[in-house]
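Line by line, the protein sequences are chains A and B. Take the first sequence: its letters are residues 0 to 91, numbered as in numbering that gives the first Met the number 0. Take the second sequence: its letters are residues 0 to 91, numbered as in numbering that gives the first Met the number 0.
Protein chains: 2
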Amino acid sequence: MDDLIKQLLDARKKKGITQSTLARSVGLPQSHISSIEQGKVDIRVSTLLEMARILDHEVVVIPREHYSLLMAIIEGKKDIELEPLWKPDEED
Amino acid sequence: MDDLIKQLLDARKKKGITQSTLARSVGLPQSHISSIEQGKVDIRVSTLLEMARILDHEVVVIPREHYSLLMAIIEGKKDIELEPLWKPDEED
DNA sequence: TATAAATATATATTATAACATATAACCTTC
DNA sequence: GAAGGTTATATGTTATAATATATATTTATA
């Protein structure tokens, strides 16, 4: 399943609401939420954003170079290796 | 314009490629890239992901609580206030 | 094991992204 | 101001998400 969709599914469950409740909030029929969560449809961005918003999440586009760092933070790992914000006099 | 789309546009320009080049990579006509970048269409998630991928970016769904932190990191701010990974004996 | 609640499947319709293609409108730069 | 490269518009077609609705399955609970 698409990773983004999986996260929305996890978020819905964590929030403890049903497909029907989510559907009502987003304005889609429950049947469509079911299809979405099963990865059967390639939803529109507006739909993704609406679902995320209702589920207290945000959708962001990030430079790939930051990806693993952000994932680490989200997953709550300790001892994150931050890229240095400056380098000590890099000369040749 | 949609914030996500704006980021893709910025990314394309920063990468220094044309709509046509991006279009070829993604497999869409240039005319459609134009529409997308002008926010005239509500694209599908697969399209968003493809464009982001080509432009060396990733699309992620994040808990809202992490949003400002991630934005800070992406925008390269110094002195990021990380949420404490532990709290020093929080007692009442 | 009934009953209910939640989720999945089915079907038909409507709206619109994606596609293909062409051309027009902008910009540079010579 | 012509030429080339880039971006925006236009039109028609096709694929499919969204809608509406109903019902079937599955899962939980009394």
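Using N, Cα and C, we set each Cβ at its ideal position, and we do this for glycine too.
Does the beta carbon of residue i come closer than 8 Å to any beta carbon on chain A?
i, result
"residue 6 of chain B", "yes"
"residue 45 of chain B", "yes"
"residue 3 of chain B", "yes"
"residue 57 of chain B", "yes"
"residue 68 of chain B", "yes"
"residue 42 of chain B", "yes"
"residue 49 of chain B", "no"
Taking only beta-carbon positions, decide if residue i is within less than 8 Å of chain B.
i, result
"residue 71 of chain A", "no"
"residue 96 of chain A", "Outside the modelled stretch of chain A, which goes from 0 to 91, sits residue 96 of chain A, for which no answer is possible."
"residue 65 of chain A", "yes"
"residue 16 of chain A", "no"
"residue 22 of chain A", "no"
"residue 32 of chain A", "no"
Taking the alpha helix (DSSP H) that residue i belongs to, which residues open and close that run?
i, result
"residue 31 of chain B", "29 to 36"
"residue 39 of chain B", "Premise fails: residue 39 of chain B is in no alpha helix (DSSP H) and is neither H nor E."
"residue 72 of chain A", "66 to 73"
"residue 4 of chain A", "2 to 14"
"residue 20 of chain A", "18 to 25"
Can the beta-carbon of residue i be found closer than 8 Å to that of residue j?
i, j, result
"residue 41 of chain A", "residue 44 of chain B", "yes"
"residue 61 of chain A", "residue 16 of chain B", "no"
"residue 54 of chain B", "residue 14 of chain B", "yes"
"residue 56 of chain B", "residue 11 of chain A", "no"
"residue 93 of chain A", "residue 37 of chain A", "This structure cannot settle anything about residue 93 of chain A, because the visible part of chain A is limited to 0 through 91."
If you follow the beta strand (DSSP E) that residue i is part of, which residue opens it and which one closes it?
i, result
"residue 49 of chain B", "No beta strand (DSSP E) holds residue 49 of chain B; the alpha helix (DSSP H) holding it covers 44 to 53."
"residue 60 of chain A", "56 to 62"
If contacts are defined as beta-carbon pairs under 8 Å, then residue i and residue j qualify, I think. What distance do you get, rounded to the angstrom?
i, j, result
"residue 50 of chain B", "residue 7 of chain B", "5 Å"
"residue 48 of chain B", "residue 58 of chain B", "6 Å"
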